[in-house]
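Novice: My numbering puts the first residue of the sequence shown at 4, with every later residue one more than the last.
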Amino acid sequence: MRLPPRSSWNRLRFRLRGKRFLFFRRVVAVGLLLVAAVLATRPAASPPTQAEPARARASPDVPLTGQPGLSTVPIHLADASVAELLAPGTRVDVVTVDGGYERRQVLASMATVVDIRPPPENAGRLVGAEPKGPLVLIAVPAETATQVAAMSLRNPVAVTLR
């Protein structure tokens, strides 16, 4: 293999440092940067599946929020294993213990279970966070919905099956 004379090598090196070549290198760099930005921001090939709404899973005879006079309230049960006994359409009574006086209180009678959601995968990983168990959605009369929601945040809530 024969190398070109030294003078032609110097000419090539001079051309690689020229203004046109530097401009070309910068244009290519900006183009690659734009391609990388487009590839990073475009959506995935298949969109992530979304959880189907409670209305689609619930049986047709289950009263939902859309019915007049009923509201859907999410509650965490004091005993998470009771949620395994529940199914959409099950009738329950919601009870709690009033913290100040240590007496039981029926929050809602004949409430209907709309849906049972499993706990999030990352629940309880934070320091001091306790796993709360599954989330139970119940349909209750609108007059008692706010009381059930407020008491379930403050006190442990249990259900009795009907």
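Glycine residues also receive a C-beta, built at the ideal position from the N, C-alpha and C atoms. As the structure is a computational prediction, the values presented were derived from the model and not from experiment.
1) Applying the criterion that 16 or more other CB atoms from any shown protein chain within 10 Å of the CB defines a buried residue, is L80 buried or exposed?
2) Look at L138 and T93 and say whether their C-beta atoms are less than 8 Å apart.
3) Please name the residue in V41, F24, G34 and K135 whose C-alpha comes closest to that of D82.
4) Leaving out five residues on either side along the sequence, give the residues of the same chain with a beta carbon under 6 Å from the beta carbon of A161.
5) Between the alpha carbons of F26 and A40, how many angstroms are there, rounded?
6) How many Å lie between T115 and I141 at the Cα?
7) Any idea if D118 is buried or exposed, counting beta-carbon neighbours within 10 angstroms, 16 or more meaning buried?
8) Cutting at 8 Å between CB atoms, please list the residues of its own chain near S74, excluding the five before and the five after it.
9) Going by C-alpha distance, which of L110, V33, P122 and F24 is nearest A152?
10) Where do the N-terminal and C-terminal ends of the beta strand (DSSP E) with T3 fall, by residue?
11) According to DSSP, is R239 helix, strand or coil?
12) Taking the alpha-carbon of M113 as reference, which of D96, K22, V76 and Q150 has the nearest alpha-carbon?
13) Applying the criterion that 16 or more other CB atoms from any shown protein chain within 10 Å of the CB defines a buried residue, is A43 buried or exposed?
14) For A57, I'd like the list of residues in its chain whose CB is within less than 7 Å of its CB, leaving aside the five on either flank, ordered along the chain.
15) The beta strand (DSSP E) that contains V117, what's its start and end?
16) Please name the residue in R106, P77 and L88 whose C-alpha comes closest to that of Q150.
Specialist: So, from the listed chains and residues:
1) Your numbering for residue 80 matches position 77 in the sequence shown. Buried is the call here.
2) Locating residue 138 in the sequence shown gives position 135, counting from the first residue. Locating residue 93 in the sequence shown gives position 90, counting from the first residue. Going by C-beta atoms, L138 is not nearer than 8 Å to T93.
3) Along the sequence shown, read from residue 1 onward, the residue named residue 82 stands at position 79. Checked all of V41, F24, G34 and K135; the closest Cα to D82 is K135.
4) The residue given as residue 161 occupies position 158 in the sequence shown. Taken in chain order, the residues that qualify are A81 and V98.
5) Along the sequence shown, one-based indexing puts residue 26 at 23. Along the sequence shown, one-based indexing puts residue 40 at 37. Taking the straight line joining both Cα atoms gives about 21 Å.
6) Position 112 of the sequence shown holds residue 115. Position 138 of the sequence shown holds residue 141. Taking the straight line from one Cα to the other gives about 5 Å.
7) Walking along the sequence shown from the start, residue 118 turns up at place 115. Buried.
8) Taking the first residue of the sequence shown as position 1, residue 74 is located at position 71. Closer than 8 Å at the Cβ level, and outside the excluded window around S74, lie T68, A142, V143, P144, A145 and A148.
9) Sequence index remark: in the sequence shown, residue 152 carries index 149 (1-based). With distances taken between Cα atoms, A152 lies closest to L110.
10) Nothing can be reported for residue 3, as the shown portion of the chain is limited to 4 through 165.
11) Because the chain spans 4 through 165 in this model, residue 239 falls outside it and cannot be assessed.
12) Here residue 113 refers to the residue found at position 110 of the sequence shown. With distances taken between Cα atoms, M113 lies closest to D96.
13) Along the sequence shown, one-based indexing puts residue 43 at 40. Answer is exposed; the Cβ neighbour count stays below 16.
14) As a working note, residue 57 is residue 54 in the sequence shown. Only weak support exists for where A57 lies, its pLDDT of 44 falling under 50; the value from the coordinates is given anyway. Cβ within range, chain order: V117, D118 and L140.
15) Position 114 of the sequence shown, counted from the start, is the residue given in the question as residue 117. First-last of the beta strand (DSSP E) with V117: R106 to R120.
16) Counting from one through the sequence shown, the residue named residue 150 turns up at place 147. It is P77.
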